[in-house]
Amino acid sequence: MVIIRSRLFSVIKRANIFLPSVRHIKVTMGDPLDHATGANKRELLARLAGDNNPWDFKIIKRGPGTRDKPTEIPSAFDERMVGCICHEESASVNFMVLYKGHPKRCECGYWFTLVHKAPV
Ligand SMILES: [Zn+2]
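The numbering used here puts the sequence shown at residues 6 to 125.
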């Protein structure tokens, strides 16, 4: 490899070719939005539009949680898995599957319902 490199430089020197220093060339990847596709691009566009929670992964505080006023869980699908931290000091999460149009009561007594959300 060293021999090839030295021969290359000697050829360049003899041919009187000017090569700019590679150290001064700045290479950047450009805007990530230009490279993103599919769901990743839709997520970036949603974040640019001001939606910092496009996938609804943040914790939703329970409301009154009664049968008449259940806690609303957004979903773009007909079902969604929900985890309820039934008691503040609880170290476990009670998971259940919610179906659209079928409010469900957790073991702690709080009601949850699925509400439609436009997909990302
Ligand atoms: Zn619960």
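Even for Gly, the Cβ is constructed at its ideal location relative to N, Cα and C.
Does ligand 1 have a heavy atom nearer than 7 Å to the CB of residue i?
{"i": "Glu93", "result": "no"}
{"i": "Glu112", "result": "yes"}
{"i": "Tyr115", "result": "yes"}
{"i": "Asn1", "result": "Here the chain has residues from 6 to 125 only, and residue 1 is not among them."}
Assuming the contact rule is C-beta atoms closer than 8 Å, residue i and residue j should be a hit. Round their C-beta distance to whole Å, please.
{"i": "Phe117", "j": "Ile78", "result": "6 Å"}
{"i": "Arg85", "j": "Thr76", "result": "13 Å between Cβ atoms; not a contact."}
What are the residues that DSSP puts in a beta bridge with residue i?
{"i": "Val102", "result": "Met86"}
On the three-state DSSP scale, how would you describe residue i?
{"i": "Lys109", "result": "strand"}
{"i": "Phe23", "result": "coil"}
{"i": "Ser80", "result": "strand"}
{"i": "Phe117", "result": "strand"}
{"i": "Glu93", "result": "coil"}
{"i": "Thr62", "result": "The amino acid occupying residue 62 in the given sequence is Phe; Thr does not appear at that position. Residue state, collapsed to three classes: coil."}
{"i": "Asn45", "result": "helix"}
{"i": "Val32", "result": "coil"}
{"i": "Val125", "result": "coil"}
{"i": "Arg12", "result": "helix"}
{"i": "Arg67", "result": "coil"}
{"i": "Arg72", "result": "coil"}
{"i": "Ala54", "result": "coil"}
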